[in-house]
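Colleague: Next up is a structure, given as structure tokens.
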Amino acid sequence: MAEAAHQETHGFQTEVKQLLNLMIHSLYSNKEIFLRELVSNAADAADKLRFKALENDALYEDDGELNVKISVDKEASTITIADNGIGMTRDEVITNLGTIAKSGTKDFFSKLSGDSAKDSQLIGQFGVGFYSAFIVADKVTVRTRAAGESADQGVEWISNGEGEFTVADINKPGRGTEITLHLREDEKEFADTWRLRSIVSKYSDHISIPVQMWKDEVPERDGPDGEKIAAEPGQWESVNKATALWTRDKSEISDEEYKEFYKHVSHDFADPLTWAHNKVEGKTEYTSLLYIPSKAPFDLWNREQSHGLKLYVQRVFIMDDAEQFMPTYLRFVKGLLDSNDLPLNVSREILQDNKITQALRQGCTKRVLQMLEKMAKNDAEQYQKFWNEFGNVLKEGPAEDFSNREKIAGLLRFASSHNDSDAQTVSLDDYIGRMKEGQEKIYYVTADSYQAAKTSPHLEIFRKKGIEVLLLGERIDEWLMSHLTEYKEKSFQSISKGNLDLGDLEDEDTKKAQEEAEKEVEGVLERAKTALGERVEDVKFTHRLTDSPACIVADEHGMSTQMVKLMQAAGQQVPDVKYHFELNPEHQLVKMLSELQDEEMFKQWVEVLFDQAALSEQGSLKDPSSFVRNLNSLLINLAK
Numbered sequence: 000m001a002e003a004a005h006q007e008t009h010g011f012q013t014e015v016k017q018l019l020n021l022m023i024h025s026l027y028s029n030k031e032i033f034l035r036e037l038v039s040n041a042a043d044a045a046d047k048l049r050f051k052a053l054e055n056d057a058l059y060e061d062d063g064e065l066n067v068k069i070s071v072d073k074e075a076s077t078i079t080i081a082d083n084g085i086g087m088t089r090d091e092v093i094t095n096l097g098t099i100a101k102s103g104t105k106d107f108f109s110k111l112s113g114d115s116a117k118d119s120q121l122i123g124q125f126g127v128g129f130y131s132a133f134i135v136a137d138k139v140t141v142r143t144r145a146a147g148e149s150a151d152q153g154v155e156w157i158s159n160g161e162g163e164f165t166v167a168d169i170n171k172p173g174r175g176t177e178i179t180l181h182l183r184e185d186e187k188e189f190a191d192t193w194r195l196r197s198i199v200s201k202y203s204d205h206i207s208i209p210v211q212m213w214k215d216e217v218p219e220r221d222g223p224d225g226e227k228i229a230a231e232p233g234q235w236e237s238v239n240k241a242t243a244l245w246t247r248d249k250s251e252i253s254d255e256e257y258k259e260f261y262k263h264v265s266h267d268f269a270d271p272l273t274w275a276h277n278k279v280e281g282k283t284e285y286t287s288l289l290y291i292p293s294k295a296p297f298d299l300w301n302r303e304q305s306h307g308l309k310l311y312v313q314r315v316f317i318m319d320d321a322e323q324f325m326p327t328y329l330r331f332v333k334g335l336l337d338s339n340d341l342p343l344n345v346s347r348e349i350l351q352d353n354k355i356t357q358a359l360r361q362g363c364t365k366r367v368l369q370m371l372e373k374m375a376k377n378d379a380e381q382y383q384k385f386w387n388e389f390g391n392v393l394k395e396g397p398a399e400d401f402s403n404r405e406k407i408a409g410l411l412r413f414a415s416s417h418n419d420s421d422a423q424t425v426s427l428d429d430y431i432g433r434m435k436e437g438q439e440k441i442y443y444v445t446a447d448s449y450q451a452a453k454t455s456p457h458l459e460i461f462r463k464k465g466i467e468v469l470l471l472g473e474r475i476d477e478w479l480m481s482h483l484t485e486y487k488e489k490s491f492q493s494i495s496k497g498n499l500d501l502g503d504l505e506d507e508d509t510k511k512a513q514e515e516a517e518k519e520v521e522g523v524l525e526r527a528k529t530a531l532g533e534r535v536e537d538v539k540f541t542h543r544l545t546d547s548p549a550c551i552v553a554d555e556h557g558m559s560t561q562m563v564k565l566m567q568a569a570g571q572q573v574p575d576v577k578y579h580f581e582l583n584p585e586h587q588l589v590k591m592l593s594e595l596q597d598e599e600m601f602k603q604w605v606e607v608l609f610d611q612a613a614l615s616e617q618g619s620l621k622d623p624s625s626f627v628r629n630l631n632s633l634l635i636n637l638a639k
């Protein structure tokens, strides 16, 4: 072996330092997962080589038997995990082993609490892979060479997991990667062949390539009939089943095996909420194994972040994150798809516009929605856990997936005036089941927050009549409702847009009382419209209020306050929106206005009421100083 040359020292990315420190001190309760992570990475490297070799068979370098080998040196207290997979170049080593190239990193570290148990769960959501080696090792040596490169293109990476790592050029005859863990003094229990065998059997039995360990020489011995049995030389033997889990019959696979396979494909530490394993035969033949995670990853809200399923074609790995088979609103789904109909040399470009791809996408989408429907029906508590983690992503569905809009709507959960809690637990079926006799619409209100929705003046008449209203306080809710027009033949109605028509929920006596109240103050409308001028679209009376004197209302088909804010947050130009200003003719302030003769004071009162209504609806004012000036002037007059 040639001496290492061209050696450089590099500093870890700041986030890597934090992660290493956290892992060393937080995962004491489950240290053995280091082997699962490293074996999983080795299997991925073999998969990637198999895929690249479809176009360039020379990458196998006359060694087509892909495997992972685990060896132990008890005297040196080391464990070596070696694969003959794709390997890495010098630049790839520096990039892959020195940085965490994943969005959400800053958010991840901001959530660390110092509580080891809680922080270890966060690590699982973030994904750690290679860095798990430092859970048990105080020094890690990586020797690697990319497939297809010459032996002198080998690279050696060494670090003690603190601040720096060194990278040097070496000679490495065989392709692939060897990772040697120099065990800490108190972790030498892992330098035991049988202990490692049991860990592989527990966590990596499903790996589709052989995971091998050395079987010691068996000496000559006596047989049961006194005959001599010849000695067996030492050899490598597989310690896992080495068959693709998804190709086995479901009845042969235990729940624990499904859970461990999930952790393999997702690099998550937590168990999944549920999964579905299906083999489809007919016009399109494929096998899918789809998982719903129990925790949201930190990059969930980055729609551009890589997501999707692992794609296999006839059991040959093709690509990670094949997003073509899962709509963006289901980007939290993990798992794999193995197709018999796609060509082995399939590329992302070919997948973009392919009838087989479309059929597979429809099938996988349908399967995930069925999984969620089943969970919602049979285990409400489990489904609520799912909704709390992924509900806001599912809300993107009605806009993205028209054909499944009704199914997605049935899976949505909302806060409601029926409950005192801000928990989103009410389904549309729950709402419809509680609708008043004669009620034809599903009423809702959108706002900046649950609290703002709960205290909206638009709710006043609905509270009085005991009519349930959905309270939508998330930023995405306005976008959702702009694409969700009806559910089970019941249309949705925003209570802050258009004319309020309660239909059969109104009685004749109430209507008569409202007409009489309007007659008493009928002159106030024209005067208010003159006072506000171009600031409003119109001024009218309303009976949607019981406690408040006024409110602003958007046109039935106009842009709501929340949609304006959504577009502004996205950096889009928004036209100036004018609202209808509605006065409550039964309110004492409005009655006072109708009797006020001083037009200047009348104008100040109207502007104050308008600004109050705008503040309640929008959360801010375009000209707060004018509001304060008018209010101060009126207070001074009242004090005289």
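Per numbering that gives the first Met the number 0, residue 0 is the first one in the sequence shown, and the count goes up by one each step.
Backbone N, C-alpha and C fix where the C-beta goes; we use that ideal spot for every residue, glycine too.
All figures in this text were calculated on a predicted structure; none of them were measured in a lab.
1. Have a look at VAL345, TRP245 and LEU410 and flag the residue whose alpha-carbon is nearest the alpha-carbon of LEU335.
2. For the beta strand (DSSP E) that contains HIS579, what are its first and last residues?
3. With a CB to CB cut of under 6 Å and the five nearest residues on each side skipped, what residues in its chain are close to LEU34?
4. GLU284 and ASP340 look like a contact to me (Cβ under 8 Å); what is the Cβ gap, rounded to whole Å?
5. Less than 8 Å separating the beta-carbons of MET600 and ASN636?
6. Count the C-beta pairs between the stretch 308 to 317 and the stretch 370 to 383 that are closer than 8 Å, then say yes if the count reaches three, no if not.
7. Sorted by chain position, which residues of the same chain lie with C-beta nearer than 6 Å to GLU36's C-beta, five sequence neighbours on each side aside?
8. DSSP beta-bridge partners for ALA229?
9. According to the neighbour-count rule (16 or more other Cβ atoms, all chains shown, within 10 Å of its Cβ), is ARG174 buried or exposed?
10. Please work out which residues of its chain come closer than 6 Å, Cβ to Cβ, to LEU469, disregarding the five sequence neighbours upstream and downstream, and give them in chain order.
11. Among the residues of its own chain, which have a CB less than 6 Å from the CB of THR192, if the five just before and after it don't count?
12. Quick check on ASP221: does DSSP put it in helix, strand or coil?
13. What is the DSSP secondary structure of LEU633, counted as helix, strand or coil?
14. Measuring only the C-alpha atoms, how far is LYS333 from GLU388?
15. Please check the pair LYS489 and GLU439, which I expect to be a contact at CB under 8 Å, by giving their CB distance rounded to whole angstroms.
16. Can you tell me where the alpha helix (DSSP H) with SER39 in it begins and where it stops?
17. DSSP three-state call for MET591: helix, strand or coil?
18. Can you give me the Cβ contacts of THR179 inside the same chain, cut-off strictly under 6 Å, excluding the 5 residues immediately before and after it?
19. Should ASN239 go down as buried or exposed, given a rule of 16 or more other Cβ atoms within 10 Å for buried?
20. So what does CYS680 bridge to, in DSSP terms?
21. Determine which residues share a DSSP beta bridge with ASP337 and list them.
22. Where does ARG220 land, buried or exposed, given buried means 16+ other C-beta within 10 angstroms?
23. Per the DSSP calculation, MET212 is bridged to which residue(s)?
24. By the 10 Å Cβ neighbour count, where 16 or more other Cβ atoms means buried, how is VAL573 classified, buried or exposed?
25. State the start and end residues of the unbroken beta strand (DSSP E) segment that holds TYR442.
26. For PRO668, count neighbouring C-beta atoms within 10 Å of its own C-beta (all shown protein chains included) and say buried if the count is 16 or more, exposed if not.
27. What three-state label does DSSP hand HIS5 in the structure shown?
28. How is SER250 classed by DSSP in three states: helix, strand or coil?
29. How far does the beta strand (DSSP E) with TRP156 in it reach, from first residue to last?
30. Look up ILE460 in the DSSP assignment and say whether it is helix, strand or coil.
31. On the DSSP letters alone, give me the boundaries of the beta strand (DSSP E) that ARG412 sits inside.
32. Assuming contact is defined by CB atoms lying nearer than 8 Å, are THR445 and SER559 in contact in what I supplied?
33. Who are the Cβ neighbours of LEU633 in its own chain at under 8 Å, not counting the five residues just before and after it?
34. With H, G and I counted as helix, E and B as strand and the rest as coil, what does DSSP make of ALA81?
35. Once you ignore the five residues that flank THR643 on each side, which residues in its own chain have a CB closer than 6 Å to its CB?
Modeller: The answer reads as follows:
1. Answer by Cα proximity: TRP245.
2. Where HIS579 is concerned, the enclosing beta strand (DSSP E) starts and stops at 578 to 582.
3. Cβ contact annotation for LEU34 (same chain, cutoff 6 Å, sequence separation greater than five): ILE198, in chain order.
4. Approximately 6 Å separates the beta-carbon atoms of GLU284 and ASP340; this is inside 8 Å, confirming the contact.
5. Yes.
6. Counting Cβ pairs under 8 Å, fewer than three are found: no touch.
7. Counting only Cβ-Cβ distances below 6 Å, and skipping sequence neighbours, we find GLY128 and SER131.
8. For ALA229, which the question treats as bridged, DSSP gives no partner whatsoever.
9. Flag for ARG174 reads buried.
10. The residues are PHE413, SER415 and TYR443.
11. Excluding residues within five positions, the ones whose Cβ falls inside 6 Å are VAL71.
12. DSSP places ASP221 in strand when its eight states are reduced to three.
13. In the three-state reduction of the DSSP assignment, LEU633 falls in the helix class, which pools H, G and I.
14. Approximately 15 Å between the Cα atoms of the pair.
15. Indeed they touch by this definition, with Cβ atoms about 7 Å apart.
16. Unbroken alpha helix (DSSP H) run through SER39: 32 to 51.
17. MET591 falls in the helix class under three-state DSSP.
18. Exclusion of the five residues before and after THR179 leaves THR77, THR79 and THR140 as the residues of its chain whose Cβ lies within less than 6 Å of its Cβ.
19. By the 10 Å Cβ count, ASN239 comes out buried.
20. Any question about residue 680 goes unanswered here, given that the chain covers just 0 to 639.
21. Its beta-bridge partners are THR286 and TYR311.
22. Exposed, because fewer than 16 other Cβ atoms sit within 10 Å of the Cβ of ARG220.
23. Looking at the DSSP output, MET212 sits in a beta bridge with ILE69 and GLU236.
24. By the neighbour-count criterion, in which 16 or more other beta carbons inside 10 Å mark a residue as buried, VAL573 falls on the exposed side.
25. That run of the beta strand (DSSP E) goes 440 to 445.
26. Any answer about residue 668 is impossible in this case: the structure gives the chain only from 0 up to 639.
27. Strand, per DSSP.
28. In the three-state reduction of the DSSP assignment, SER250 falls in the helix class.
29. For TRP156, the enclosing beta strand (DSSP E) covers residues 153 to 158.
30. Helix.
31. ARG412: not part of any beta strand (DSSP E); DSSP gives it neither H nor E.
32. Yes; because the gap between Cβ atoms is below 8 Å, this pair is in contact.
33. MET600, GLN603, TRP604 and VAL607.
34. Looking at ALA81 - three-state DSSP - the assignment turns out to be strand.
35. Within the shown structure, residues of the chain are numbered from 0 to 639, placing residue 643 beyond reach of any answer.
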